[in-house]
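**Student:** Quick mapping for you: the protein sequence lines, in order, are chains Y and Z.
All the letters of the first sequence, read from the start, carry residue numbers 31 to 137 under our numbering.
All the letters of the second sequence, read from the start, carry residue numbers 49 to 284 under our numbering.
Backbone N, C-alpha and C fix where the C-beta goes; we use that ideal spot for every residue, glycine too.
Given the structure is predicted, the values throughout are model-derived calculations rather than measurements.
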Amino acid sequence: MPDDRTIWTVIIALGIITFLIRYSFIGFMGGRETPLWAQRLLRYAPASVFPALIAPLILWPPATGGEPDLARALAAFLTLGAGAWSRNSSIAFVAGIAALLILLQVF
Amino acid sequence: MSTDQARVLFRRGIIEGLPFNIAGIPFAMLFGVVAYEAGFDITQVLGMSFIVMAGASSLTALHLLGENAPALVAVVAGAVVNLRMMIFSAALAPHLSRAPLGWRLLSAYCLADPVYVLSLRKFELGPRTMNEKLAYYFGVAIALIPFWYLFCWIGALIGKSIPPEWPLDFAGVIMFTALAAPSIRGKPAVVAAVVASITALFLSGLPWSIGLILAALSGMSAGAFAEWRREVRNAG
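See below:
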């Protein structure tokens, strides 16, 4: 178990760094135009960052000890389909949670 | 007139943000439970949920602390998971970087995944005044962030009595999938998503979540490249 000092050090250091990351461009761009090449790259940020974050978690969920799990994978797939079809994250999300709960009962 | 419009957008932000609590709440509880199990007391759980206010990165840091990794390693790994927010900050900068300092500081603190996705999508629908943009942005934030604190705390309180078969772990994955899905339209975006996923799978063994950042950057480059090629072809 980490001691109190370690825990608070991590909380405060991670808090400060996270804030600076969030503040970076909002804080320092000062209304300057973002260069075109950067706009082009940033346009694909949501389509890249989230898949990169979740792909390993879908294929090897930590909850099953890294074993692929059909219910979880299918639920993620249905969430993706619902979102692409409805173009609405809330609908995709509610559909995905419903699918997960049902599929975990089925399998 | 403009204040009225701002009030409408503030309310819209709240309404459109609220459903994400269905994901945020289990995710927050998962964080509370894991923190409690890693040896955090209630003050520390609340401190982390308030000061860091980022689920995936807090969970990464906790996981490492639980394995007795040095504090530095836990901080660096947690920070790397949050580097995606620099991309979010850059994407929102054209809309928010002219706001007064106080609002910029507060909007940076509130920059969570759903706040970014919903706001950017709204901002791109047409030019709005700074007041209107801030109103929508903080509407979404206020619909979500208080629940984050509350359920981190509840998670830590009831940690041990949650049935282990509840799929709390996957609520976060469903949330990120739902956030991404509407953006994956059109060939360049599909290319970006596929390249990012495959790269992430290949690099998932790298320490400190470096694979995540490299995968995100390769997806973005692939998407931008596909878009550029399409333009060149259309022009020719």
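#1: Do the region 217–228 of chain Z and the region 110–120 of chain Y meet, that is, are 3 or more Cβ pairs less than 8 Å apart?
#2: Look up Val136(Y) in the DSSP assignment and say whether it is helix, strand or coil.
#3: Any beta-carbon of chain Z closer than 9 Å to the one on Glu97(Y)?
#4: In whole angstroms, give me the CA-to-CA distance for Gly126(Y) and Phe80(Y).
#5: Between Phe171(Z), Ala204(Z), Ser155(Z), Ala83(Z), which lies nearest to Met133(Z) when the distance is taken from Cα to Cα?
#6: Is it the case that the Cβ atoms of Val123(Z) and Ala109(Z) are separated by a distance below 9 Å?
#7: Going straight from the alpha carbon of Ala138(Z) to that of Thr64(Y), what length do you get?
#8: Taking the straight line between their C-alpha atoms, what separation do you get for Gly111(Y) and Gly271(Z)?
#9: Do Phe186(Z) and Gly72(Z) count as a contact pair if the criterion is CB distance below 9 Å?
#10: When you compare the CB positions of Leu205(Z) and Ile90(Z), do they come within less than 9 Å of one another, or not?
#11: Rounded to a whole number of angstroms, what is the C-alpha to C-alpha distance between Leu72(Y) and Ile258(Z)?
#12: Buried or exposed, going by whether 16 or more other CB atoms sit within 10 Å of the CB of Val163(Z)?
#13: Where does Met49(Z) land, buried or exposed, given buried means 16+ other C-beta within 10 angstroms?
#14: Check each residue of the region 79–92 of chain Y: if its Cβ is closer than 9 Å to any Cβ of chain A, include it; give the result in chain order.
#15: Which residues mark the beginning and the end of the alpha helix (DSSP H) in which Met133(Z) is found?
#16: Any beta carbon of chain Y sitting closer than 9 Å to that of Pro236(Z)?
#17: Which residue from Trp214(Z), Ala264(Z), Met96(Z), Ala189(Z) puts its Cα closest to that of Asp161(Z)?
#18: For the putative contact between Leu251(Z) and Ala263(Z), defined by C-beta atoms under 8 Å, what is the C-beta separation to the nearest angstrom?
#19: With DSSP as the reference, label Met49(Z) as helix, strand or coil.
#20: Does Val124(Y) have its Cβ less than 9 Å from a Cβ in chain Z?
#21: Go through its chain and collect everything with a Cβ distance to Met178(Z)'s Cβ below 7 Å, but skip five positions before and after it.
#22: Mapping the DSSP letters down to three states, classify Glu180(Z) as helix, strand or coil.
#23: Under 9 Å between the Cβ atoms of Ile41(Y) and Met96(Z)?
#24: Does any C-beta atom of chain Y lie closer than 9 Å to the C-beta of Ile246(Z)?
#25: Give a yes or no on whether 9 Å exceeds the smallest Cβ distance from Asp161(Z) to chain Y.
#26: Just curious, the alpha helix (DSSP H) that Glu85(Z) is in, first and last residue?
#27: Please classify Val280(Z) as buried or exposed, where buried requires at least 16 neighbouring CB atoms within 10 angstroms.
#28: Can you give the Cα-Cα distance for Ser54(Y) and Ala141(Z), rounded to whole angstroms?
#29: Is Pro92(Y) helix, strand or coil by DSSP?
#30: Distance check for Ala248(Z) and Leu83(Y), CA to CA, integer angstroms please.
#31: Would you kindly check if the distance between the Cβ of Cys200(Z) and the Cβ of Ala76(Z) is under 9 Å?
**Tutor:** From the atom records:
#1: yes
#2: helix
#3: no
#4: 15 Å
#5: Ser155(Z)
#6: yes
#7: 8 Å
#8: 20 Å
#9: no
#10: yes
#11: 19 Å
#12: buried
#13: Because the pLDDT of Met49(Z) is 46, which lies under 50, any placement of that residue in the model is unreliable, and the number read from its coordinates should be weighed accordingly. Exposed, since its Cβ has fewer than 16 Cβ neighbours within 10 Å.
#14: Looking for chain A here will not work: the only protein chains present are Y and Z.
#15: 132–144
#16: yes
#17: Ala189(Z)
#18: 6 Å
#19: Confidence at Met49(Z) is low in this model, with a pLDDT of 46, below 50, so its placement is unreliable and the value that follows should be read with caution. Met49(Z) falls in the coil class under three-state DSSP.
#20: yes
#21: Arg146, Ala147
#22: helix
#23: yes
#24: yes
#25: yes
#26: 69–85
#27: exposed
#28: 9 Å
#29: helix
#30: 7 Å
#31: yes
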